[in-house]
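Chain order of the listed sequences is A and B. Our numbering puts the first residue of the first sequence at 1, with every later residue one more than the last. Our numbering puts the first residue of the second sequence at 107, with every later residue one more than the last. Each remark here refers to the structure printed beneath this line.
2 protein chains.
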Amino acid sequence: MYGLIGKMMAATGKRDELLEALREGITGMPGCLAYVVAEDEGDPDAIWITEVWVDEASHRASLQLEGVRRAIERARPLIAGFGERFVTRPAFGVGLGSDGGMGLPN
Amino acid sequence: MYGLIGKMMAATGKRDELLEALREGITGMPGCLAYVVAEDEGDPDAIWITEVWVDEASHRASLQLEGVRRAIERARPLIAGFGERFVTRPAFGVGLGSDGGMGLPN
Chain A
1 MYGLIGKMMA
11 ATGKRDELLE
21 ALREGITGMP
31 GCLAYVVAED
41 EGDPDAIWIT
51 EVWVDEASHR
61 ASLQLEGVRR
71 AIERARPLIA
81 GFGERFVTRP
91 AFGVGLGSDG
101 GMGLPN
Chain B
107 MYGLIGKMMA
117 ATGKRDELLE
127 ALREGITGMP
137 GCLAYVVAED
147 EGDPDAIWIT
157 EVWVDEASHR
167 ASLQLEGVRR
177 AIERARPLIA
187 GFGERFVTRP
197 AFGVGLGSDG
207 GMGLPN
């Protein structure tokens, strides 16, 4: 599995709009086991995106999906920048869609 | 929803053992929508735990579950310390168990 944990900074006051722009892009992504978009509790302009993919190629391919490209276009003017970014190898978990979960090997 | 993103440092060379200790603790946690344990790609002793709960109370209650307490006991001697920790409010996502997902309000 391939994982990403990343912080995105919305333009001041635009976090809700940014969330809406992202919401529509994350359905129907092949190989996506988990994709959670969350507000940072301590920073009113920050969001965290945590992702689990079957492999890195699935993540890369998702960036070419029409729905994802449209969401990126909508989100772009609402993004002020990016914060921390961590690449991970998910080992196991709860809530990893139908392809993953406790039984999937590393 | 209530979310946590946290980095845990294994004692040198003990990451695999730490993962095994944690693996058994994370089943059957009421209110847990997602719980992913991942190796840090760039740091051989680090793991990331990303969690989504129905609310903060569910997370707090989980720490009293017998399975979780046993896992914490097993994990404790394998943990060298903790790194970054971010508290979040998950807004929506893919892979949020049966209680959550796209339709759940903030």
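All C-beta atoms in this analysis are idealised placements derived from N, C-alpha and C, irrespective of residue type, glycine included.
Excluding residues up to 5 positions away in sequence, MET115 lie with their Cβ nearer than 7 Å to the Cβ of GLY187 (chain B) in the same chain. Within the segment 24-35 of chain A, the residues whose Cβ lies closer than 8 Å to some Cβ of chain B are ILE26, THR27, MET29, CYS32, LEU33, ALA34, TYR35, listed in chain order. As the crow flies, the alpha-carbon of ALA144 (chain B) is around 30 Å from that of ALA11 (chain A). Straight-line spacing of the CA atoms in ALA21 (chain A) and THR194 (chain B) works out to 19 Å. Inter-residue distance for VAL54 (chain A) and CYS32 (chain A) is about 6 Å (C-alpha atoms, whole angstroms). The CB of ALA91 (chain A) comes closer than 7 Å to the CB of LEU125, VAL143, ALA144, GLU145 in chain B, given here in chain order.
DSSP places GLY199 (chain B) in no alpha helix (DSSP H) but in the uninterrupted beta strand (DSSP E) bounded by 185-200. Going by C-alpha positions, ILE49 (chain A) is about 30 Å away from GLU179 (chain B). One finds ILE5, TRP48, THR50 in chain A with Cβ atoms closer than 7 Å to the Cβ of ILE111 (chain B), taken in chain order. The beta carbon of LEU125 (chain B) is closer than 8 Å to those of VAL143, GLU145, ILE153 in its chain, skipping five residues each way along the sequence.
Look at LEU169 (chain B): its C-beta is not under 9 Å from any C-beta on chain A.
Our two residues, GLY134 (chain B) and MET107 (chain B), have alpha carbons roughly 18 Å apart in a direct line. In this structure, the beta-carbon distance from GLU157 (chain B) to ALA140 (chain B) falls below 9 Å. Taking the Cβ atoms as the reference, LEU63 (chain A) lies roughly 19 Å from GLY201 (chain B), outside the contact range of under 8 Å.
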